[in-house]
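J.: Quick one: structure below, then a few questions.
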Amino acid sequence: MGINHWPEGERPREKLLNVGAQALSDAELLAIFLRVGVQGRSAVDLARDLLSSFGGLRQLLEADQESFCTARGLGSAKYAQLQATLELSRRHLASQLARGNALTSPALVRHYLSSQLRHLGHEEFAVLFLDTQHRIIRYESLFRGTLDSASVYPREVAKRALELSAGAVILAHNHPSGVAEPSDADRRITARLKDALALFDVRVLDHFVVGDGEVVSFAERGWL
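If you want it as structure tokens, here you go:
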């Protein structure tokens, strides 16, 4: 039975309009994106099939073009549409953290950093540079690593902070393994960066480690 024959309260689009997107399952949200199913399968059925085939929503959204386009019910047009949607989401978050705005929401910063780093298949180390009033100057990715490591040089971070006249920074990096728990090496490099930047009166406000669905804050752990 097609979705248009379902009770109105069970149709994903109508359900979203009536109770909000947060009330929908991954399959229902994906069904709205797909719009139509395939022969013998409704959009919701197809969405469930795709989530099962890819191993979950994150794996589907982060699939490479070839894997995505060859899946049943998808294709290059859907891939382009998805990439545009994801980029709009990232730009929306970036606009909320626009240059000159003071940081007022730790949750927004966490969400923004996660959107920038979580999907990467390699380790990347980034810095959010702030002025002395904790207003945003710039977000920059400074070091890129392999699957499980990145070489971070405190001298380069300090140099960039001075170039931007930063008074504070928020550090961030991802764990491609998906496990956000900081390593001993993460704690050591954070201490080195904190000491190096303190020589120039630049404060390290936090260091976020981004994993698969979890973001660990050094500040919240009392490590800064």
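Here UniProt numbering is used: position 142 in the sequence shown is 142, and no number is missing along the way. Beta carbons are placed, not taken as given, at the ideal position from N, Cα and C, and that holds for glycine. Here the structure is a predicted model, which means the values were calculated and not measured.
1) Return the chain-ordered list of same chain residues with a C-beta closer than 8 Å to the C-beta of LEU199, the five sequence neighbours on each side being excluded.
2) Examine the Cβ distances between the stretch 204-223 and the stretch 112-123 and report whether three or more of them are shorter than 8 Å.
3) Drop a sphere of 10 angstroms on the beta-carbon of ASP206, count the other beta-carbons inside from all chains shown, and report buried for 16 or more, exposed for fewer.
4) According to DSSP, ASN174 sits in a beta bridge with which residue or residues?
5) Could you name each continuous beta strand (DSSP E) segment of 3 residues or more that falls completely within the UniProt domain "MPN" (102-224), going from the start of the chain to the end?
6) Thinking just about the alpha-carbon of each residue, which of VAL169, GLU124, GLU163 and ASP186 is nearest to the one in THR132?
7) Could you tell me the alpha carbon to alpha carbon distance between TRP6 and VAL44, rounded to whole angstroms?
8) What is the DSSP secondary structure of VAL44, reduced to helix, strand or coil?
9) When the Cα atoms are used, what is the spatial distance from PRO106 to LEU88?
10) Provide the residue span of the alpha helix (DSSP H) that contains ALA31, from first to last.
11) Cα separation between MET1 and PRO12?
12) Inspect the beta-carbon positions of VAL38 and GLY75 and report whether they are closer than 9 Å.
13) Tell me whether ASN174 is buried or exposed, calling it buried when 16 or more other Cβ atoms sit within 10 Å of its Cβ.
14) Use the C-beta contact count for LEU60: other C-beta atoms within 10 angstroms, 16 or more gives buried, fewer gives exposed.
15) Can you tell me which of ARG144, LEU142, LEU224 and VAL127 puts its alpha carbon nearest to the alpha carbon of ILE136?
16) Rounded to whole angstroms, what is the Cα-Cα separation between TYR79 and LEU51?
T.: From the atom records:
1) So the qualifying residues of the chain are ALA158.
2) The stretch 204-223 makes contact with the stretch 112-123: 3 or more CB pairs, one atom from each, lie closer than 8 Å.
3) That one is buried.
4) DSSP output for ASN174 lists VAL210 as bridge partner(s).
5) Listed in chain order, the complete beta strand (DSSP E) runs (minimum 3 residues) inside the UniProt domain "MPN" (102-224) are 124-130, 136-144, 168-174, 203-210 and 215-217.
6) For the residues VAL169, GLU124, GLU163 and ASP186, the minimum Cα distance to THR132 belongs to VAL169.
7) Answer to the nearest angstrom: the Cα atoms are 11 Å apart.
8) Looking at VAL44 - three-state DSSP - the assignment turns out to be helix.
9) Answer to the nearest angstrom: the Cα atoms are 21 Å apart.
10) If you look at ALA31, you'll find it in the alpha helix (DSSP H) that goes 26-34.
11) Confidence is the limiting factor: at MET1 the pLDDT is only 49, short of 50, which leaves the residue's position unreliable, though a coordinate-based value still follows. Between the alpha carbons of MET1 and PRO12 lies a gap of roughly 15 Å.
12) Here VAL38 is not near GLY75, since their CB atoms are 9 Å or more apart.
13) By the 10 Å Cβ count, ASN174 comes out buried.
14) When all chains shown are included, LEU60 counts as buried.
15) If we check each option's Cα against that of ILE136, VAL127 comes out closest.
16) The alpha-carbon separation between TYR79 and LEU51 amounts to approximately 15 Å.
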